[in-house]
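The numbers in the sequence shown follow the numbering used here, run straight up by one, and end at 645. Backbone N, C-alpha and C define an ideal beta-carbon position, used for all residues, glycine too. Owing to the predicted nature of the structure, the values given are computational and were not obtained by experimental measurement. A short write-up of the structure that comes next.
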Amino acid sequence: MRCPAALLALSGLLGLAACAGSPPPSASRNPCQGKLGVEGRAEGTRIALEAWNDCHVPVLLHLSLELDNLRASRALPAEIAVPPGRRVHALDLEVVRPDRPSGYRAASQVQVGGAPHPDSAARYAFPFGGGAPRKLSQGVGGDETHQGVHHYSFDFELPLGTPVLAARDGVVFQVMDGYGEGGKRVGVKRGNAVVIFHDDGTFGLYGHLRKGVCAREGEAVRAGDFLAWSGNSGYTTGPHLHFAVGVAPSAGGEIETIPILFAGDVVPEKNGVYGPGPTGARAAPPGSRCDGAGARDS
Ligand SMILES: [Zn+2]
348 MRCPAALLAL
358 SGLLGLAACA
368 GSPPPSASRN
378 PCQGKLGVEG
388 RAEGTRIALE
398 AWNDCHVPVL
408 LHLSLELDNL
418 RASRALPAEI
428 AVPPGRRVHA
438 LDLEVVRPDR
448 PSGYRAASQV
458 QVGGAPHPDS
468 AARYAFPFGG
478 GAPRKLSQGV
488 GGDETHQGVH
498 HYSFDFELPL
508 GTPVLAARDG
518 VVFQVMDGYG
528 EGGKRVGVKR
538 GNAVVIFHDD
548 GTFGLYGHLR
558 KGVCAREGEA
568 VRAGDFLAWS
578 GNSGYTTGPH
588 LHFAVGVAPS
598 AGGEIETIPI
608 LFAGDVVPEK
618 NGVYGPGPTG
628 ARAAPPGSRC
638 DGAGARDS
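Below is the structure:
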């Protein structure tokens, strides 16, 4: 089964990183690509349709069926929530006229992460360590790049090699890696980034990272855990961390950033200084072994 909306949703996620640019081709595949599907199992005049999800985040399937001489046990299109690592019964198809041929064609759109229900009580840690407060160079509605769906984004000026830390508990959904120094030049588009899925269906994005991201897709992280070193990859005006939280629209398309509050109910403003955030259980590895080589020092 093809999952066109998953790709749309993914491109949306990457779109969240407008100032981080697009991902490298090697990383642009949807982490859930090939890990989702719908299968039919025939039992007499009945076909049981099951949806499966081997990806590491929940998905919501919007399942459409073209039916020939079959009747569905529920209204179509159907919404089917599938938790990570699970297989669920979607619906049954019953043959209408057993003396005639029957068949079906399934098409589904996939909402990666499931239906979002942003937790208004969530508070985000400042997503960097390093021991010193840092300036916010562009905030909500910033006129450089924080427009449209990127409205609720935050750029923290960080010296190269500052630890980038998870702002909230979650699961690493996607890692984009492999790009060196970027800049504000024509042709520079692609940057390194980490996308973390939160249990309320929202995604946190950390952009412009240094090559050699330490976070791995599918691993659970706690707020304050080390993800990567800050960098200057992608289209940037200088070293900084682009951070935003967003949701995937149900029909696919670009991820939309949403308003968030940091610890202390703070909404960082341009030219203010903030953080650093508290360091979690997994701190930056001493000797920075995971820098560049991509190896994890754990
Ligand atoms: Zn930004």
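| Query | Result |
| --- | --- |
| Quick check on the DSSP output: what are the complete beta strand (DSSP E) runs of length 3 or more inside the region 377-455, in order along the chain? | 383-390, 393-400, 406-415, 417-419, 425-429 and 433-442 |
| Thinking just about the alpha-carbon of each residue, which of Arg481, Pro480, Ser500 and Lys482 is nearest to the one in glycine 489? | Ser500 |
| Tell me whether threonine 492, by its Cβ, gets closer than 7 Å to a heavy atom of ligand 2. | The model on display carries ligand 1 but not ligand 2. |
| Taking the beta strand (DSSP E) that tyrosine 553 falls in, what are its first and last residues? | 550-556 |
| On the three-state DSSP scale, how would you describe glycine 495? | helix |
| Around the Cβ of leucine 588, are there at least 16 other Cβ atoms within 10 angstroms (buried) or fewer (exposed)? | buried |
| In the DSSP assignment, find the beta strand (DSSP E) that holds phenylalanine 590 and state where it starts and stops. | 587-594 |
| Return the first residue and the last residue of the beta strand (DSSP E) that arginine 481 is part of. | 481-485 |
| Please classify alanine 446 as buried or exposed, where buried requires at least 16 other C-beta atoms within 10 Å of its C-beta. | Sequence check: residue 446 is aspartate here, not alanine. Exposed: under 16 other Cβ atoms inside 10 Å. |
| Flag histidine 589 as yes when its Cβ comes closer than 7 Å to any non-hydrogen atom of ligand 1, and as no otherwise. | yes |
| Just to check, is the beta-carbon of aspartate 546 closer than 7 Å to a non-hydrogen atom of ligand 1? | no |
| When the Cβ atoms of the region 378-390 are set against those of the region 398-418, are three or more pairs found closer than 8 Å? | yes |
| Hey, valine 343 and valine 429 are a contact pair by Cβ (cut 8 Å); roughly how many whole angstroms apart? | What the structure shows of the chain is the stretch from 348 to 645, and residue 343 is not part of that stretch, so it cannot be assessed. |
| Tell whether a beta-carbon distance below 8 Å holds between arginine 470 and alanine 562. | no |
| So aspartate 516 and alanine 570 are supposed to be a Cβ contact under 8 Å. How far apart are they, rounded? | 6 Å |
| Run the proximity test for aspartate 309: is its beta-carbon closer than 7 Å to any non-hydrogen atom belonging to ligand 1? | This structure cannot speak to residue 309, because the chain is shown only from 348 to 645. |
| Between the region 474-489 and the region 419-429, do at least 3 Cβ pairs fall closer than 8 Å? | no |
| Which whole-angstrom value describes the C-beta separation of glycine 627 and alanine 513, a residue pair presumed to lie in contact below a C-beta threshold of 8 Å? | 7 Å |
| Is any heavy atom of ligand 1 found at a distance shorter than 7 Å from the C-beta of glutamine 485? | yes |
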